[in-house]
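**Q** One structure is given below, represented as structure tokens, and several questions about it will come after.
Number of protein chains: 2
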Amino acid sequence: MKCASIVTIGDEILIGQVLDTNSRELARSLEEMGIHVSRMLSVSDNAQDISETLTRELSSHDIVITTGGLGPTKDDITKGVLATLSGSRKMVSHPGQLKKVHEILQSRGLDVLPINIAQADVPETAEVIVNELGTAPIMVFRNIKGGGTLYSLPGVPHEAVGAIPAILEDIRKHQEISSILHRNIMVYGIAESALSERIAPWEDALPGDMHLAYLPNPLTGIRLRLSCYGGNPEEKSRQMEEQLAALKGILGELVYADEDSSLEKELGRLLKEHGLTLSAAESCTGGEIAHLITSVAGSSAYFLGSVTSYAISVKEKVLGVPADTIRLHGVVSSEVAAAMAEGVRKLTGSDYSVATTGLAGPRGDEFNPVGTVWVGVATPRSTYTVKYCYKNDRKRNIERFAASALNFLRLKLISELTY
Amino acid sequence: MKCASIVTIGDEILIGQVLDTNSRELARSLEEMGIHVSRMLSVSDNAQDISETLTRELSSHDIVITTGGLGPTKDDITKGVLATLSGSRKMVSHPGQLKKVHEILQSRGLDVLPINIAQADVPETAEVIVNELGTAPIMVFRNIKGGGTLYSLPGVPHEAVGAIPAILEDIRKHQEISSILHRNIMVYGIAESALSERIAPWEDALPGDMHLAYLPNPLTGIRLRLSCYGGNPEEKSRQMEEQLAALKGILGELVYADEDSSLEKELGRLLKEHGLTLSAAESCTGGEIAHLITSVAGSSAYFLGSVTSYAISVKEKVLGVPADTIRLHGVVSSEVAAAMAEGVRKLTGSDYSVATTGLAGPRGDEFNPVGTVWVGVATPRSTYTVKYCYKNDRKRNIERFAASALNFLRLKLISELTY
């Protein structure tokens, strides 16, 4: 198995100001293609540190991937170190990247300054993959320091993540990779430990060349990834499908997608398929549900809109929640969740709607502890509500409230579409 | 200056399943007390890797801090490696940690198994700081491998973070620490390269013991961090304030906060201070603006609510945008942005409002390219609009649209409050 090291360059990681998400994304992608990441490192914007670290990592890994250290400001000395390590005698300007530098700055209405132009300069030994998303080039150094391949990626997260497909393609083209198959299913509404217990007999009976990984995420639930190493791909693929069919039988409606997906994507798929529209009324989730739904490209086909009713006056005036309902039952109640869902459904004329009212934190109120949420779903046939209780901090609660609401909506939608 | 290395032990980081937040929290704390973190590493649950890595890090750092590798399951072999490295001949049970193991398991209604009891065993060379939040002890090894100090922390994030104060106290007691000062200012509305060029004369004239770092983020702009190493804290602090005053003079209204902050926090502060309320109408940002505003605890004091008007019918019916305005000028237009802002301000009765209409992607329309957004701001005195053009992917555009809208609102708010 090929092995890789991921090196992050930049003081901002080492002083704890920035969380290193690039290494995680790279590690996940490499692992999925069967490359073993045996080390991750962060080093500062210091030429000697970078040089010593890269030399050592190249001596013990087939692939070294760096992110960061390529910005236009003077902190960034990575390119010079790479020139020295790769035996470059000079820097050359890369026409494709230079064009991109001009395009990007012009599209932002900015002047192209000398430091911007210098971003397209690379050591003569580098192969360049044009960075479509930013001004710093993606560089590939082959046989650097006696054998390994070094990929240098920009540090800006969306640029680093955007570079991953091109890097993987390059690795596939130049390295011998042993085969690995993955299949994902998405599960929501069960804790990891309970899930593990429920599927233990199935998991224990898996063939020796198959392995199940639990990949939990507060917004999307648990991704179950079945992997199979080596063997005939067609035959193994068929065997994996058989195993997954059995697993889905055990888990029933806890499974919401048969591939790597999200609740909002899956909801979008269902709504689109049946020509239905959706709206939302949010109190404690404060826009997060609308944000999740509209993060899916093409969501304008089914999502009409939403009302964030943070103030009681907006709940009453815009959504038409009766003042008496709030007075009698409290803002965080089944009755208010139902009235909000019905109100926004009527206001927007959507087929379905979802609503939340709860306490994300930092404090609860006199009736409900922090972490309580009521979710309402209004449909052409009926209105449903459910209460969930969590115990996390504000940010985490907003995420869990939104995901729980989308899942409750999904279950009601499926049950009405099925019967 | 003392230097430190932070080592994370565990396969879950290296396969990209888990994001390493512990190292960030540790780094931030160490940096604040003037300890230079010169390296972060992640290694797998492999005895040889752990041993080699720790030996190397101890040879070049005063302090090495590990997190992870201390769970009760068989993956976790860190304790054995630490015993060997520190020359321990036996393990001893620590009474304080053993008591904690019993307390924690009993409070969860669980039996205390032999593997739980073994968690309180430590190499005889270790000093123990009792982990109040979990079953694995916090261990301190002094003069390990010839001089350095090694701190071994549990990997569970809230336990690792919970251990930080005790670790810092121990470091303060046992090491001589030189002083470091940091000051942040927040900047929005200028590219990093243009900012760098604009402040170059100021930056070049900084005293040798001061250093400026650029920390960009699409949602919060650029954090400029001025650091000063050594010297008399009071005098240095005064000198830093002088430097920052000059910097703020150069940057003017591009500076939005005099400390580590965000646009939504700063807006909240301004609105609260002046007893003003806010609402939002979102098309292309789809709830992101409301989500950002309500992510600030206490935002219910000034944020009344918002309408996400994805469908034209919602723009017309709920926000009262005249059908003729949309027909004449198009949905993505100054006129519609203004009408949306005015509409939601009237609907919610807020003092101020902000609205967005644009094309986040993946496609533009016949009139505007993808990445175009019109922002409207309605106030007690007037209505303002502005157009921004970006070119990123959908997720990125939504973030930039929302941040630009918040910044435009901030500028209008300040100008009306000032005059």
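Chain order of the listed sequences is R and F. Position one of the first sequence corresponds to residue 896 (my numbering), numbered consecutively onward. Position one of the second sequence corresponds to residue 896 (my numbering), numbered consecutively onward. C-beta atoms are modelled at their ideal positions from N, C-alpha and C, and glycine is treated no differently.
#1: Would you be able to state if there are at least three C-beta pairs under 8 Å between the stretch 1018 to 1031 of chain R and the stretch 986 to 1006 of chain R?
#2: What would DSSP say about residue 915(F), mapped onto helix, strand or coil?
#3: Would residue 1249(R) and residue 1176(R) be called neighbours here (beta carbons separated by less than 9 Å)?
#4: Touch check for the stretch 1062 to 1082 of chain F and the stretch 980 to 990 of chain F: three-plus C-beta pairs under 8 Å?
#5: Would the stretch 1144 to 1151 of chain F count as touching the stretch 1090 to 1097 of chain F if we require 3 or more Cβ pairs under 8 Å?
#6: Hey, residue 1202(F) and residue 1225(F): beta-carbon distance below 9 Å or not?
#7: Using DSSP with H/G/I as helix, E/B as strand and the rest coil, what is residue 845(R)?
#8: Quick test of the definition: if touching needs 3 or more C-beta pairs under 8 Å, does the stretch 1076 to 1088 of chain R touch the stretch 1112 to 1123 of chain R?
#9: Mind reading off the beta-carbon distance from residue 964(F) to residue 1043(F)? Whole number of angstroms is fine, and I expect it under 8 Å.
#10: What are the boundary residues of the beta strand (DSSP E) that residue 1037(F) is part of?
#11: Taking the alpha carbon of residue 1278(R) as the reference point, which residue from 1286(R), 1260(R) and 1306(R) has its own alpha carbon closest?
#12: Taking only beta carbons into account, state which residues of the stretch 903 to 918 of chain F come closer than 9 Å to chain R, listed in chain order.
#13: Less than 9 Å separating the beta-carbons of residue 1015(F) and residue 1032(F)?
#14: Please state whether DSSP places residue 1079(R) in a helix, a strand or coil.
#15: Is the distance from the Cβ of residue 1281(R) to the Cβ of residue 1254(R) below 9 Å?
#16: Spell out whether any CB of chain R is found under 9 Å from the CB atom of residue 1186(F).
#17: Give me the chain F residues within the contact set of residue 944(R), using Cβ-Cβ distance strictly less than 8 Å, ordered along the chain.
#18: Here's a check: name, in chain order, each residue in its chain whose Cβ is nearer than 7 Å to the Cβ of residue 1124(R), leaving out the five neighbours to either side.
#19: Kindly indicate if chain F contains any beta-carbon less than 9 Å away from that of residue 1060(R).
#20: Of all the residues that make up the stretch 1101 to 1116 of chain F, which are near chain R by a beta-carbon distance shorter than 7 Å?
#21: 9 Å is my cut-off, CB to CB: does residue 1301(R) come that close to chain F?
#22: Could you check whether the Cβ of residue 1036(R) sits closer than 9 Å to any Cβ belonging to chain F?
#23: Which residues mark the beginning and the end of the beta strand (DSSP E) in which residue 1198(F) is found?
#24: Considering only DSSP beta bridges, list what residue 987(R) is partnered with.
#25: Within its chain, find whatever has a CB closer than 7 Å to the CB of residue 1274(F); leave out the 5 residues flanking it on each side and keep chain order.
#26: Alpha carbon to alpha carbon, what distance is there between residue 975(F) and residue 955(R)?
#27: At a Cβ cut of 9 Å, what residues of the stretch 1248 to 1264 of chain F count as close to chain R, listed as they run along the chain?
#28: Can you tell me where the alpha helix (DSSP H) holding residue 901(F) begins and where it ends?
#29: Please report the Cβ distance between residue 939(F) and residue 906(F), rounded to the nearest whole angstrom; I am assuming they are in contact, meaning their Cβ atoms lie under 8 Å.
#30: I'd like to know if the stretch 1212 to 1220 of chain R and the stretch 1258 to 1273 of chain R are in contact, where contact means that at least 3 CB-CB pairs between them fall below 8 Å.
#31: Please state the DSSP three-state secondary structure of residue 928(R).
#32: Given this structure, state the Cα-to-Cα distance separating residue 890(R) from residue 1150(R), to the nearest angstrom.
#33: Relative to the C-alpha of residue 1056(F), which candidate in 1028(F), 1222(F), 936(F) and 1036(F) has its C-alpha closest?
#34: Check the Cβ of residue 920(F) against every Cβ in chain R and list those closer than 9 Å, keeping chain order.
#35: Let me see if you follow: with CB-CB separation under 9 Å, is residue 1293(F) close to chain R or not?
#36: Where does residue 1053(F) land, buried or exposed, given buried means 16+ other C-beta within 10 angstroms?
**A** Short version:
#1: Judged by Cβ distances under 8 Å, the stretch 986 to 1006 of chain R makes contact with the stretch 1018 to 1031 of chain R, as three or more pairs qualify.
#2: If you number the second sequence from 1, residue 915(F) lands on position 20. The answer is coil: DSSP assigns residue 915(F) none of H, G, I, E or B.
#3: Counting from 1 along the first sequence, the entry for residue 1249(R) is found at position 354. Counting from 1 along the first sequence, the entry for residue 1176(R) is found at position 281. At a Cβ-Cβ threshold of 9 Å, residue 1249(R) and residue 1176(R) count as neighbours.
#4: Taking a cut-off of 8 Å on C-beta distances, the stretch 1062 to 1082 of chain F does not touch the stretch 980 to 990 of chain F, as fewer than three cross pairs fall below it.
#5: Cβ pair count under 8 Å is three or more, so yes.
#6: Position 307 of the second sequence, counted from the start, is the residue given in the question as residue 1202(F). Position 330 of the second sequence, counted from the start, is the residue given in the question as residue 1225(F). Pairing residue 1202(F) with residue 1225(F) gives a Cβ-Cβ distance that is not under 9 Å.
#7: Any answer about residue 845(R) is impossible in this case: the structure gives chain R only from 896 up to 1314.
#8: Inter-segment contact for the stretch 1076 to 1088 of chain R and the stretch 1112 to 1123 of chain R is present: three or more beta-carbon pairs are separated by less than 8 Å.
#9: What you label residue 964(F) is simply residue 69 of the second sequence in a count that begins at 1. What you label residue 1043(F) is simply residue 148 of the second sequence in a count that begins at 1. About 18 Å separates the two Cβ atoms, so there is no contact after all.
#10: Position 142 of the second sequence, counted from the start, is the residue given in the question as residue 1037(F). Boundaries of the beta strand (DSSP E) harbouring residue 1037(F): 1033 to 1039, taken from the DSSP string.
#11: Counting from one through the first sequence, the residue named residue 1278(R) turns up at place 383. That would be 1306(R), whose Cα lies nearest to the Cα of residue 1278(R).
#12: Answer in chain order: 903, 908, 909, 910, 911, 912, 913, 914, 915, 916 and 918.
#13: The residue given as residue 1015(F) occupies position 120 in the second sequence. The residue given as residue 1032(F) occupies position 137 in the second sequence. Less than 9 Å separates the beta-carbon of residue 1015(F) from that of residue 1032(F).
#14: Counting from one through the first sequence, the residue named residue 1079(R) turns up at place 184. Three-state DSSP puts residue 1079(R) in a strand.
#15: Here the question's residue 1281(R) lines up with position 386 in the first sequence. Here the question's residue 1254(R) lines up with position 359 in the first sequence. No, the Cβ-Cβ distance between residue 1281(R) and residue 1254(R) is not below 9 Å.
#16: Start at 1 with the first residue of the second sequence, and residue 1186(F) comes out as number 291. So, interface residue.
#17: The residue given as residue 944(R) occupies position 49 in the first sequence. Close to residue 944(R), with beta-carbon spacing below 8 Å, are these residues of chain F in chain order: 933 and 934.
#18: For the purposes of this step, residue 1124(R) is taken as residue 229 along the first sequence, with counting starting at 1. The residues are 1075 and 1104.
#19: Here residue 1060(R) is taken as the residue at index 165 of the first sequence, counted from 1. So no, residue 1060(R) is outside the interface.
#20: 1108, 1109 and 1110: these are the residues of the stretch 1101 to 1116 of chain F whose beta carbon lies less than 7 Å from some beta carbon of chain R, given in chain order.
#21: For the purposes of this step, residue 1301(R) is identified with residue 406 of the first sequence, where counting begins at 1. Among the CB atoms of chain F, none fall inside 9 Å of the CB of residue 1301(R).
#22: In the first sequence, the residue the question calls residue 1036(R) occupies position 141. No, because no Cβ of chain F sits closer than 9 Å to the Cβ of residue 1036(R).
#23: Here residue 1198(F) corresponds to residue number 303 of the second sequence, with the count starting at 1. Where residue 1198(F) is concerned, the enclosing beta strand (DSSP E) stretches over 1198 to 1204.
#24: Counted from its first residue, the first sequence places residue 987(R) at position 92. Residue 987(R) is bridged by DSSP to 1017(R).
#25: Stepping through the second sequence from its first residue, residue 1274(F) is reached at position 379. Result list for residue 1274(F): 1247, 1307 and 1311, in chain order.
#26: On the first sequence, position 60 is the one that residue 955(R) refers to. On the second sequence, position 80 is the one that residue 975(F) refers to. Approximately 25 Å, taken between the alpha carbons.
#27: Along the stretch 1248 to 1264 of chain F, the positions whose C-beta sits under 9 Å from a C-beta of chain R are 1255, 1256, 1257, 1258 and 1264, read in chain order.
#28: Here the question's residue 901(F) lines up with position 6 in the second sequence. That residue, residue 901(F), is in no alpha helix (DSSP H); its beta strand (DSSP E) goes 898 to 904.
#29: For the purposes of this step, residue 939(F) is taken as residue 44 along the second sequence, with counting starting at 1. For the purposes of this step, residue 906(F) is taken as residue 11 along the second sequence, with counting starting at 1. So it is a contact: roughly 5 Å between Cβ atoms.
#30: No, they do not touch.
#31: The count along the first sequence starts at 1 and reaches residue 928(R) at position 33. Residue state, collapsed to three classes: coil.
#32: Beyond the ends of chain R as shown, which are 896 and 1314, falls residue 890(R); an answer cannot be given.
#33: By one-based count along the second sequence, residue 1056(F) stands at place 161. Cα-wise, what sits closest to residue 1056(F) is 1028(F).
#34: The residue you call residue 920(F) lines up with position 25 of the second sequence. The answer, in chain order, is 911.
#35: Along the second sequence, one-based indexing puts residue 1293(F) at 398. Taking 9 Å as the threshold, the shortest C-beta distance from residue 1293(F) to chain R falls below it.
#36: For this step, residue 1053(F) is matched to residue 158 along the second sequence. So residue 1053(F) ends up on the exposed side.
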